[in-house]
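**Q** Numbering (this note's numbering), first residue to last: 4 to 257.
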């Protein structure tokens with residue numbers, strides 16, 4: 004597990020040598036329905052907007068990543084409760100004591116956590132991401148979704164109308180391996196006959212996406228839309244538009 008803070012060396016990505024891109028799904032091109040979460044929170048006495056929750060969730064990612072070293076999973080009820088609590092703690096003017104906060108987390112988890120039905124909550128297309136993905140696809144890259152999910156990711160992609168953008172999908176519950184286990188990336192490599200040294204994975208959690216990709220010999224880029232992460236030992240981009248701007252077309256690739 005990496006230490007967050009000043010890093011002596013940042014790994015680089017050989018952009019001109021890539022031909023395949025793996026994408027995490029959650030917080031990469033789709034997100035929770037934050038307006039739905041805000042409405043549920045309001046029913047429990049927490050007034051916030053969907054936009055405030057979206058910002059707080061991003062700020063919670065380094066904490067969630069650090070906890071992954073102990074939990075070793077991003078899935079399941081316990082991980083979801085930890086995720087909710089870390090997000091609520093980062094809302095503006097959050098001053099709830101532990102007992103009150105835990106009651107809100109329990110209430111939200113009861114309303115929102117549906118095993119095997121993540122598609123009911125994780126179904127909001129992030130603005131501009133489809134256009135960025137189409138731009139990347141037009142450059143000629145193979146594109147695969149590699150997601151820690153509950154078996155519902157195929158339904159989610161169909162539901163948001165993005166299933167045709169990708170050459171393949173690897174859902175952790177379906178294949179039996181969860182990031183950062185390198186085997187989930189090896190499944191994805193085999194799926195499209197890709198070579199790890201010519202592949203980059205893009206995701207929002209260092210401990211799952213970056214550590215896992217590196218363990219499989221795949222390059223990695225961390226999404227950091229609001230500069231919430233400290234100086235890291237991996238490349239970061241704000242969004243998929245910035246990623247697309249780094250990718251050469253066919254004439255610029257080795």
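All residues carry an ideal CB built from backbone N, CA and C; glycine is no exception.
What is the DSSP secondary structure of residue 49, counted as helix, strand or coil?
**A** Looking at residue 49 - three-state DSSP - the assignment turns out to be coil, as it is neither helix nor strand.
**Q** Keeping to the same chain, check which residues put their C-beta closer than 8 Å to that of residue 2; ignore five residues upstream and five downstream.
**A** Residue 2 is absent from the model: the chain starts at 4 and stops at 257.
**Q** Could you name the residues that DSSP lists as bridge partners for residue 34?
**A** DSSP, once it has assigned bridges, lists 127 as partnering residue 34.
**Q** Note down the Cα distance separating residue 255 from residue 109, rounded to an integer number of angstroms.
**A** Roughly 52 Å between the two C-alpha positions.
**Q** Going by DSSP, name the residue or residues bridged to residue 174.
**A** In the DSSP output, where bridge partners are listed per residue, residue 174 has 150.
**Q** Counting Cβ pairs closer than 8 Å, one from the region 19-37 and one from the region 55-71, do we hit at least three?
**A** Judged by Cβ distances under 8 Å, the region 19-37 makes contact with the region 55-71, as three or more pairs qualify.
**Q** Give the C-beta separation of residue 52 and residue 69 to the nearest angstrom, bearing in mind that I take them to be a contact with Cβ-Cβ under 8 Å.
**A** That belief does not hold up - the Cβ atoms of residue 52 and residue 69 are roughly 27 Å apart, past 8 Å.
**Q** Counting C-beta neighbours from all protein chains within 10 Å, is the total for residue 150 16 or more, i.e. buried, or is it exposed?
**A** That one is buried.
**Q** With DSSP as the reference, label residue 201 as helix, strand or coil.
**A** It is helical.
**Q** Quick one: what does DSSP say residue 26 is sitting in, helix, strand or coil?
**A** Note: residue 26 maps to strand in three-state DSSP.
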